[in-house]
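Colleague: Just passing along the structure, written as structure tokens.
Residue numbers (our numbering), protein chains in the order written: chain A, 358 to 453; chain B, 70 to 369.
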């Protein structure tokens with residue numbers, strides 16, 4: 358990596374204690390992935406939020422464009438039958 | 070459509086119990102001293118225990134204050150938060166240790182003071198911290214050099230104390246050791262990064278190390294209070310091996326020389342543990358204590 362005046366951006370994902378999936382919580386600057394992990398620990402887990410951290414260089418993320426919003430997402434808007442809403446979910450089964 | 074609750078990343082991360090829905094952040098916090106009997110065991114010299122807890126508590130309190138002074142001055146926002154976190158860890162240790170000192174004072178027959186009375190209403194000569202804790206960091210290299218030395222030493226110290234005969238001190242040490250392991254790791258990361266970086270950063274890092282090194286000798290000098298607490302106090306002379314192993318490994322990877330400077334002189338045989346401090350200490354206490362002394366017993 359060539360020297361740079363500014364540290365690159367990393368995106369931070371945390372997994373909470375309940376055993377759920379990693380969730381994106383924000384971003385930060387760091388010189389390399391190892392430092393990004395420490396910064397993520399110091400910035401995003403101060404309130405006991407996580408037991409696992411992922412950091413990903415923001416440049417490694419390919420994102421959908423706002424211009425493509427309609428062709429990408431509009432077709433799903435009227436297909437209510439894709440949701441599991443037509444049967445009862447037991448109270449003790451969370452996170453479906 | 071089902072009425073799905075609005076998705077909140079933090080809410081989903083929190084370990085939310087039935088009556089805790091108002092917290093957006095993590096819950097499930099623990100009290101490190103939960104269920105412990107705070108009575109001083111009769112086999113322990115309570116007055117010596119009070120003095121010993123003051124030593125360790127003052128180290129943490131004064132070092133924490135020095136780190137807090139970096140807030141708004143750190144080179145990067147992320148580093149600033151990291152330093153504030155470390156300062157808060159040490160402040161938490163200071164609160165528990167000063168509280169324990171007050172309990173031991175009470176057990177020794179005097180009027181036991183609480184943590185605030187001990188922090189805000191003692192004068193410089195009554196503070197028992199090592200002089201390393203009070204040193205002002207001239208730059209970031211000195212900051213990480215001092216943090217490496219302090220945390221490597223204090224981690225070795227707390228690890229010994231986890232088997233102390235005083236159960237409260239042992240519990241405080243057990244909690245603190247996990248915190249110190251991270252502090253040492255953080256400092257080591259920067260010492261290596263700067264030492265093994267450019268010629269300029271290497272020179273600055275070596276200079277930072279040389280600047281703090283004279284204060285290391287005092288860390289391993291036994292004190293009569295420790296001798297009065299067999300089975301409780303750590304043997305500081307025996308901490309040297311773990312300290313050297315940790316620091317030498319970091320310096321080797323950082324391509325830095327271990328300084329050979331002489332220890333900072335004692336004053337008539339006395340140093341920080343005896344209440345003899347450097348000029349920096351008065352300024353710290355002025356900042357730390359002025360509000361509490363101007364408004365005694367104020368609450369906010």
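Beta carbons: idealized from backbone N, C-alpha and C, even for Gly.
#1: Which residue wins for smallest C-alpha separation from residue 417 of chain A, given the options A:362, A:368, A:433, A:398?
#2: Which residues does DSSP list as the beta-bridge partners of residue 414 of chain A?
#3: Looking at residue 358 of chain B and residue 245 of chain B, is the spacing between their C-beta atoms short of 8 Å?
#4: Answer yes or no: does any C-beta atom of chain A fall closer than 8 Å to that of residue 198 of chain B?
#5: Thinking residue 396 of chain A and residue 149 of chain B are a contact (beta carbons under 8 Å), I'd like their distance in whole angstroms, please.
#6: If you count every other CB in all the chains shown that lies within 10 Å of the CB of residue 339 of chain B, and 16 or more means buried, which is it?
#7: Cα separation between residue 238 of chain B and residue 365 of chain A?
#8: Need the endpoints of the alpha helix (DSSP H) that residue 396 of chain A sits in, please.
#9: When the Cα atoms are used, what is the spatial distance from residue 182 of chain B to residue 126 of chain B?
#10: Which bits of chain B does residue 399 of chain A rub up against, with CB to CB less than 8 Å?
#11: In the DSSP output, what is residue 381 of chain A paired with across the bridge?
#12: Using 8 Å as the limit for Cβ to Cβ distance, is residue 258 of chain B near chain A?
#13: Please decide whether residue 91 of chain B counts as near chain A, where near means a Cβ-Cβ distance under 8 Å.
#14: Give me, in chain order, the residues of the same chain whose beta-carbon lies closer than 8 Å to that of residue 168 of chain B; leave out the 5 immediate sequence neighbours on both sides.
#15: Tell me which residues of the stretch 417–439 of chain A have at least one Cβ-Cβ distance to chain B shorter than 9 Å, keeping chain order.
#16: Roughly how many angstroms lie between the CA atoms of residue 235 of chain B and residue 361 of chain B, to the nearest whole one?
#17: Restricting to Cα atoms, I'd like to know which of B:189, B:165, B:219 is closest to residue 367 of chain B.
#18: At a CB distance below 8 Å, what residues from the stretch 377–390 of chain A approach chain B? Give them in sequence order.
#19: Taking 8 Å as the CB-CB cut-off, is residue 255 of chain B touching chain A?
#20: Tell me which residues share the same chain as residue 327 of chain B and place their Cβ nearer than 6 Å to its Cβ, disregarding the 5 neighbours each side in the sequence.
#21: Helix, strand or coil for residue 422 of chain A? Go by DSSP, reduced to three states.
#22: So, helix, strand or coil for residue 409 of chain A, using DSSP?
#23: Per DSSP, residue 336 of chain B forms a beta bridge with which residues?
#24: Smallest Cα separation from residue 404 of chain A: which of B:158, B:228, B:136?
#25: By alpha-carbon positions, which one of A:444, A:440, A:409 ends up nearest to residue 377 of chain A?
#26: Whole angstroms are fine: how far does the CA of residue 329 of chain B sit from the CA of residue 363 of chain B?
#27: Do you know how far the Cα of residue 325 of chain B is from the Cα of residue 170 of chain B?
#28: Look up residue 134 of chain B in the DSSP assignment and say whether it is helix, strand or coil.
#29: Going by the CB atoms, is the gap between residue 256 of chain B and residue 39 of chain B shorter than 8 Å?
#30: Quick one: what's got a C-beta closer than 8 Å to residue 90 of chain B's C-beta in the same chain, skipping five residues either side?
#31: Tell me, please, whether the stretch 220–228 of chain B touches the stretch 202–211 of chain B by the rule of three or more beta-carbon pairs shorter than 8 Å.
#32: Which residues does DSSP list as the beta-bridge partners of residue 386 of chain A?
Modeller: Taking the structure as given:
#1: A:368
#2: A:367
#3: no
#4: no
#5: Not quite, the Cβ-Cβ distance comes to about 11 Å (not below 8 Å), so this is no contact.
#6: exposed
#7: 43 Å
#8: 390–401
#9: 14 Å
#10: 147, 150, 151, 154
#11: A:370
#12: yes
#13: With a pLDDT of only 45 at residue 91 of chain B, under the threshold of 50, the placement of this residue in the model should not be trusted; the figure read from the coordinates follows. Answer no: the Cβ-Cβ gap between residue 91 of chain B and chain A never drops below 8 Å.
#14: 183, 184
#15: 437
#16: 31 Å
#17: B:189
#18: 377, 380, 381, 382, 385, 386, 387, 388
#19: yes
#20: 320
#21: coil
#22: strand
#23: B:339
#24: B:158
#25: A:409
#26: 45 Å
#27: 39 Å
#28: helix
#29: No information on residue 39 of chain B is available, as it lies outside the stretch 70 to 369 that chain B covers here.
#30: For residue 90 of chain B, the pLDDT reaches just 42, beneath the cut-off of 50, and the residue's location in the model is therefore unreliable, leaving the point undetermined.
#31: no
#32: A:366
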